[in-house]
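**Student:** Chain order of the listed sequences is A and B. Using numbering that gives the first Met the number 0, the letters of the first sequence correspond one by one to residues 0 to 242. Using numbering that gives the first Met the number 0, the letters of the second sequence correspond one by one to residues 0 to 292.
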Amino acid sequence: MKTLALTAAAVVLATGAAWADAHSVVRMGTEGAYPPYNFINDDGEVDGFERELGDELCARAGLTCEWVTNEWDSIIPNLTSGNYDTIIAGMSITDERDEVIDFTQNYIPPASSLYMALSEDADLEGGVIAAQTNTIQAGYIAETGATLIEYATPDETVAAVRNGEADAVFADGDYLLPIANEDADLMIVGDPVQLGGGVGMGLRETDTELREAFDAAITSMKEDGTLNEMITRWFGPEAATYE
Amino acid sequence: MFETCADPSQLDGLHWFACYLTNGVHLRFYTAFLTVLGLLAVTAPVALAFGFAAASASRSHVAPLRWIGRIYTAMVRGVPDIAFFLFFVIALDQAIEWSVHQIQCPDWTEPIRQGANFTVCPQAKVPLNTAPQEVHEFYNFTLAVFTFAIVFGAFCANVLYGAMQAVPRAQMETAEAYGMSRRQAFWRVLVPQMWIYALPGLSNVWMILIKATPLLFLLGIEDIVYWARELGGSRTSQYAYPHGDWRLWYFLALLVFYLGFTRISEIVLGRLTRRLSHGQATMAGDQARKAAA
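1) Indicate whether A/Ile-217 and A/Tyr-106 have their beta-carbon atoms separated by less than 8 Å.
2) For chain B, check one thing: does any of its Cβ atoms lie closer than 8 Å to the Cβ of A/Ser-112?
3) Please state the DSSP three-state secondary structure of A/Asn-227.
4) Counting contacts by CB-CB distance shorter than 8 Å, is A/Pro-236 in contact with chain B?
5) Check whether the Cβ of A/Arg-245 lies closer than 8 Å to any Cβ atom in chain B.
6) Rank A/Leu-175, A/Asp-173, A/Thr-63 and A/Thr-240 by C-alpha distance to the C-alpha of A/Phe-213 and give the top, closest one.
7) Would you mind working out which of B/Leu-85, B/Met-171, B/Ala-156 and B/Leu-208 sits nearest B/Ala-48, comparing C-alpha positions?
8) Locate the alpha helix (DSSP H) running through A/Ile-140, then write down its first and last residues.
9) Touch check for the stretch 25-43 of chain B and the stretch 180-199 of chain B: three-plus C-beta pairs under 8 Å?
10) Could you tell me the distance, in whole angstroms, from the CA atom of A/Leu-185 to the CA atom of A/Pro-236?
11) Quick one, which of A/Ile-178, A/Ser-111 and A/Ser-23 has its alpha-carbon nearest A/Arg-161's?
12) Answer yes or no: does any C-beta atom of chain A fall closer than 8 Å to that of B/Leu-214?
13) In chain A, which residues lie with their C-beta within 8 Å of the C-beta of B/Val-24?
14) Just to check my reading of the structure: B/Leu-26 and A/Gly-43 have Cβ atoms closer than 8 Å, yes? What is that Cβ distance to the nearest angstrom?
15) CA-CA distance, A/Ala-129 and A/Tyr-150?
16) List the DSSP bridge partners of A/Arg-26.
17) So the candidates are A/Ala-159, A/Thr-132 and A/Val-45; which of them puts its Cα closest to the Cα of A/Leu-117?
18) So which of B/Ala-56, B/Met-206 and B/Thr-281 has the shortest CA-CA distance to B/Phe-185?
19) Just checking, does the stretch 216-232 of chain B make contact with the stretch 78-98 of chain B on the three C-beta pairs under 8 Å criterion?
20) In chain A, which residues lie less than 7 Å from B/Lys-124 when you measure between Cβ atoms?
21) Per DSSP, which residues does B/Ser-57 bridge with? Please list them.
22) Terminal residues of the continuous alpha helix (DSSP H) containing B/Ile-81?
23) For B/Ala-292, I'd like the list of residues in its chain whose CB is within less than 8 Å of its CB, leaving aside the five on either flank, ordered along the chain.
24) Verify whether the separation of the beta carbon atoms of A/Asn-37 and A/Ala-88 is less than 8 Å.
25) Where are the alpha helix (DSSP H) runs, 4 residues long or more, that stay fully inside the stretch 166-253 of chain B, in chain order?
26) Given a limit of 9 Å on CB to CB distance, which residues of the stretch 163-179 of chain A reach chain B?
27) By DSSP, does A/Leu-308 sit in helix, in strand, or in coil?
28) Report the CB separation of B/Trp-97 from B/Ile-111 in whole angstroms; it is logged as a contact under 8 Å.
29) Could one say the Cβ of B/Ala-143 lies closer than 8 Å to chain A's Cβ atoms, at least one of them?
30) Would you verify that the beta carbon of B/Ala-239 is, or is not, closer than 8 Å to some beta carbon of chain A?
31) Go ahead and pull the three-state DSSP assignment for A/Glu-119.
32) What distance in whole Å lies between the Cβ atoms of B/Val-158 and B/Gln-192, which are believed to be in contact at a cut-off of 8 Å?
33) Cβ of A/Leu-194 within 8 Å of Cβ of A/Gln-136?
34) Could you work out which residues of chain A lie near B/Phe-117, taking near to mean beta carbons separated by less than 9 Å?
35) Taking 8 Å as the threshold (C-beta atoms), are A/Met-27 and A/Gly-201 in contact?
36) Going along chain B, which residues have a C-beta under 7 Å from A/Glu-49?
If you want it as structure tokens, here you go:
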């Protein structure tokens, strides 16, 4: 019965399309597997720093937003083909991505990427390093002398270190630190590396108005200090904040 | 879900597991099993219908119909499933949106293809951006069912074509001798008798279809493989139920599910074969006749 109702609803919506306003609902695309940035909580809902931030940005911009999850690997193609309207998934602003999509100003300042391994003397220069596919960290490792193995999800990169497939994992510090703090076997090794231009929201290049609306909302959150408060609450007191 | 689960950090042992296995994400995991069963329940009859149509077309005396049936069977069977899935779903989606675009927005001047973007006018998005998430998921599921049906329809077509050829020629000659037309002989003699020849092949296709359902995962549908990987991954205390890497156990559960399901299928198909053999001019049918006598 539910499917019948849904089919009927789909048909009505498709035929009555003329009156529909394109952006009355903004679909927010995220990965849902990258705590504390974004993850699916135990109730099956999208949760995390970006959930709270996105809801606040939508409220300030007067938009109705809906959350959608998508695999990281295809998150940009599915934005450009219109499956959702924004990417808010801990995505660092880089020149390569900026050629394909547009970014808002950053809502997390450029932060350090870290190595995590099972022992202090892990070989970071010539060993095997795990990173998530299509991340700036994977791009960075490919340029170094180390052997890169890529995984589709962040969790698999950490699992690869635990079971010895990789000597170390290289990822955003804010993702690795909570894991290293809770697991006695894993530790942060080597020096922090600065990559990318901070984390921003990705939008289609044609959606200029929507980008300006989110930019204005991010600016207002930076000015009244709510963004800094949110970053500290989710990522801890050491996390980089705005001046 | 239950009141006693309000604070998971205070629970231990079995109680913790009971609460863990009934939390919101697990309920979505269990629903995904229904998604898979739903996919099978819809795809199997649709694929059989596609297969029957294509097999009948391949036998047609009308040349273009025959070509369509044979090209469909040969082409779809010859392309790797995964490649076909990845290509066809995107192509079908864009074809639908392009058609709606032509109807809804005849005055649209901007090009639809802008570099990597496929941008139709907002009214032509299928489903609309404004549609609730359920409609989007239902649409994706429908595309997946249709694609599965096309792929497995081609395999069914080949099996059914062979089964139609396997019905003894004498049966058809007798039908003609009784003055039946081609159409009558097809529906009254050929179709009722072909199933026993088709069944081994069809049961094979069914088994492959069951095993191919994890391809849903590739199409971005949150099926049981997606949830097994998602739930099995290690969780820090950011989650209400922190645990280590449990993917092994979740994938083991999937293994048991698929093995159990294919075993049940084998039993049902075995019974069906016995029933269909009854009164047929095959070895099994003959044995059944002798046993009864």
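For each residue, glycine too, the CB sits at the ideal point set by N, CA and C.
**Tutor:** Once the coordinates are examined:
1) yes
2) no
3) helix
4) no
5) As shown, chain A starts at 0 and ends at 242. That puts residue 245 of chain A outside it, with no answer to give.
6) A/Thr-63
7) B/Ala-156
8) 135-142
9) no
10) 21 Å
11) A/Ile-178
12) no
13) Ile-39, Asn-40, Asp-41, Asp-42 and Gly-43
14) 7 Å
15) 7 Å
16) A/Glu-65
17) A/Ala-159
18) B/Ala-56
19) yes
20) Gly-81
21) Beta-bridge pairing links B/Ser-57 to no other residue.
22) 80-103
23) none
24) yes
25) 168-176, 181-184, 190-211 and 223-231
26) Pro-177 and Ile-178
27) Only positions 0 to 242 of chain A appear in the structure, and residue 308 of chain A is not among them; the question remains open.
28) 7 Å
29) no
30) yes
31) coil
32) Between B/Val-158 and B/Gln-192 the Cβ distance is about 15 Å, and since that is not below 8 Å, they are no contact.
33) yes
34) Thr-79, Ser-80 and Gly-81
35) no
36) What A/Glu-49 touches in chain B: nothing, since even the nearest Cβ is about 13 Å away.
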